[in-house]
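Using this note's numbering, the letters of the sequence shown correspond one by one to residues 1440 to 1986. Ideal placement from N, C-alpha and C gives every residue a C-beta, glycine not left out. Please read all numbers here as calculations on a predicted model, not as lab measurements. One structure below.
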Amino acid sequence: MEIQTMKKLEKEALKKSRTDFTRLGFALFFMIGVLAFSFLSNGGIPNNMFLAVAALVGAYMAMNIGANDVANNVGPAVGSKAMTMTMAIVIAVIFEASGALIAGGEVVKTIKKGIIDISAFGGNADPFIWAMMAALLAAALWLNFATMMRAPVSTTHSIVGGVMGAGIAAAGFSIVSWTTMAKIAASWVISPVLGGLIAAAFLYSIKKSIVFKEDKVKAAKTYVPIFVSIMALAFVTYLTLKGLKKIWPEIVEMLNFIPFISLEMTKKPSLLTALTLGFVVALAVYFIVRNRLNSDKKELANSRESVNTLFTIPLIFAAALLSFAHGANDVANAIGPLAAINDAVVNGGISSKASIPLWVMGVGAIGIAIGLALYGPALIRTVGSEITELNQIRAFSIAMAASITVIIASQLGLPVSSTHIAIGGVFGVGFLREYLHLNDTTTIEEDKETIKDEKSTLNAYKAELKKLEAKSDKDAVEYERVVQLYKFISDEEKLIRTTKKHIKQTKKVEYVKRDAVKKIIAAWIITVPAAATLSAILFYMIRGIMV
1440 MEIQTMKKLE KEALKKSRTD FTRLGFALFF MIGVLAFSFL SNGGIPNNMF
1490 LAVAALVGAY MAMNIGANDV ANNVGPAVGS KAMTMTMAIV IAVIFEASGA
1540 LIAGGEVVKT IKKGIIDISA FGGNADPFIW AMMAALLAAA LWLNFATMMR
1590 APVSTTHSIV GGVMGAGIAA AGFSIVSWTT MAKIAASWVI SPVLGGLIAA
1640 AFLYSIKKSI VFKEDKVKAA KTYVPIFVSI MALAFVTYLT LKGLKKIWPE
1690 IVEMLNFIPF ISLEMTKKPS LLTALTLGFV VALAVYFIVR NRLNSDKKEL
1740 ANSRESVNTL FTIPLIFAAA LLSFAHGAND VANAIGPLAA INDAVVNGGI
1790 SSKASIPLWV MGVGAIGIAI GLALYGPALI RTVGSEITEL NQIRAFSIAM
1840 AASITVIIAS QLGLPVSSTH IAIGGVFGVG FLREYLHLND TTTIEEDKET
1890 IKDEKSTLNA YKAELKKLEA KSDKDAVEYE RVVQLYKFIS DEEKLIRTTK
1940 KHIKQTKKVE YVKRDAVKKI IAAWIITVPA AATLSAILFY MIRGIMV
């Protein structure tokens, strides 16, 4: 028997090692392909080899974004079983790449969020190029480590830490905009708290209006169209503000060809414009969903599971739209250092903004797709099932939090991280479940009151028994009462023990795994300093090699 078990373990180990080697082979093939393409297509340019190496690091960075950051967009949908892992990866790959290539924009800020002052480089391109290379590699290495530890962290914060560390190493602490860094540090609290509160609020409102009702089917037919249309409003607004802002002038030109539509030509969409578009789509979605529910011949069961299935399709749309917005908004920022290196090498100077060649955007888009397909499942499982148990309603609430929080924060000028919002949303629904569990069983206070009453009764029985046992001349009725009292006392003591045990079990119920919470929060806190320290070390190493 033991020999058979050993053989099975050996077989599984060999299978796993073959899978690991295959994934590593694909990743290396992509990175070497990017290196070769960059070297051959930029021949004759000074520092051509350095640009090719930077492209290789950019490819490595993109794959790490795919393996870590993208999990937040599809993780809740997979955890709730609204879609399979394969389906989630295919959707995320298509929409992340589409977002990056279609709406990623032609220009990117070379220094994310203006965290360092590029004038401190004195127009000297070489230290700037070395600093950007160090920042890119440090962020990629940190993301790789976080993925291995199954901790979802912010790509933006990794890049911020990398740029800050390399900037300090190159030009001292005065190069850093500490006001900007303080805002970024504030986002460690703002993002998850806002995300958690909004996700919990939506989950509670869905439970109150549908799940807790006696006739769940009737409630679902009334309220599901409302919730889905609110989601449509939020996502169209979110996508317009964050996903389409870089190609907004082109979209305005196209829309103005449609009769009865006349949009003012602006560089970016305003909140009012985004809300108007969102409201139009939401109205259409409301009537489509309502008519679909009312005309559906398939009878819904009056159960939570049946209500949950109504949120499956909205969740698939949410995963796709979140992926598109992430590809459009975050990918370009993440490959900013590579665009900066390319601009500095090709033009021989430093610029606060740099054009993104199609091949650089392609590296980002394809790299993310490959990283997600090869190494994304581990983090998708962590986000989807290893923090708290998710169903479609809970995952829907998290998706709502992801879009609404970004809209609110962007209008208030608050710095937020999409990763922290999504994970905060997962925490929020988990902790709400704990809260509702304690209130649903409302047992703790009631049980304490029960114990108090039973103890009073127990003491009365014991006092009566003591008095009867003290009598020397008991009649038959009194002997019978003594026997009864012993039984009553035994029953009362058993009831008190059971009630105490119930209180203990009720208090012990944890719907959010505390170890996962501690690990993720620790990873968030050290992301910027870890990436900064690593980046500074790498800058000194690169400078030592190049000088």
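- The bridge partners DSSP lists for I1555 are V1615.
- For A1579, the closest C-alpha among the options I1645, I1807, H1876 and R1936 is that of I1807.
- Taking C-beta atoms under 8 Å as the contact rule, F1866 and P1631 qualify, at a distance of about 6 Å.
- Contact between the region 1552-1561 and the region 1610-1620 is present: 3 or more CB-CB pairs across the two stretches fall below 8 Å.
- In this structure, G1682 and F1750 do not form a Cβ contact; the two beta carbons are roughly 22 Å apart against a cut-off of 8 Å.
- Within the same chain, Cβ atoms closer than 8 Å to the Cβ of H1859 are found at S1593, S1626, W1627, S1630, P1631, G1634 and W1963, the five residues on either side in sequence being excluded.
- For K1707, the CB contacts under 6 Å within the same chain, skipping 5 residues up- and downstream, are K1684 and W1687 in chain order.
- By the CB criterion at 8 Å, T1966 and W1569 fall outside the cutoff.
- A1624 and I1862 have their C-alpha atoms some 17 Å from each other.
- I1789 and V1602 have their C-alpha atoms roughly 15 Å apart.
- In this structure, M1502 lies near G1810, with their beta-carbon atoms less than 8 Å apart.
- CA-to-CA, the gap between A1975 and F1567 works out to about 13 Å.
- Annotation for V1675: the continuous alpha helix (DSSP H) segment containing it runs K1655 to Y1677.
- By the Cβ test, the region 1837-1849 is in contact with the region 1673-1681, since at least three Cβ pairs between them sit closer than 8 Å.
- Nearest Cα to L1973 within the set N1781, A1605 and I1645: A1605.
- In the structure shown, I1727 falls within a helical segment according to DSSP collapsed to helix, strand and coil.
- Every unbroken stretch of the beta strand (DSSP E) spanning 3 or more residues and falling wholly within the region 1742-1801 is given here in chain order: 1792-1794.
- Rounded to whole angstroms, the gap between the alpha carbons of A1838 and V1663 is 15 Å.
- When C-beta atoms of the region 1482-1498 are compared with those of the region 1817-1836, fewer than three pairs fall below 8 Å, so the two segments do not count as touching.
- For I1686, no alpha helix (DSSP H) run applies, since DSSP gives it neither H nor E.
- Look at the region 1905-1961 and you find these whole runs of alpha helix (DSSP H), each 4 residues long or longer: 1915-1947.
- D1769 is the residue among D1769, K1913, Y1677 and G1464 whose C-alpha sits nearest the C-alpha of T1595.
- 8 Å or more divides the Cβ of L1907 from the Cβ of I1928.
- Here the alpha carbons of M1670 and V1719 stand approximately 13 Å from one another.
- Here T1676 is buried: its Cβ has 16 or more other Cβ atoms, across all protein chains shown, within 10 Å.
- Scanning its chain for C-beta atoms nearer than 8 Å, with the 5 sequence neighbours on each side dropped, one finds around I1554 the residues V1599, V1602, M1603, G1606, V1615, S1616, T1619, M1620 and I1623, in chain order.
- Annotated as proximal: L1777 and G1497, with beta-carbon spacing under 8 Å.
- Straight through space, the alpha carbons of M1470 and A1639 are spaced by roughly 42 Å.
- Per the C-alpha coordinates, the member of L1479, G1472 and G1505 positioned closest to L1495 is G1472.
- With a threshold of 16 other beta carbon atoms within 10 Å, T1586 meets it and is buried.
- Distances from the alpha-carbon of I1935 to those of A1767, D1556 and S1895 put S1895 closest.
- The C-alpha of A1536 lies about 58 Å from the C-alpha of T1937.
- In the structure shown, M1693 adopts helical secondary structure according to DSSP, grouped into three states.
- Look at R1982 here: in three-state DSSP terms it is helix.
- A residue is called buried once 16 or more other Cβ atoms fall within 10 Å of its Cβ, and G1787, having fewer, is exposed.
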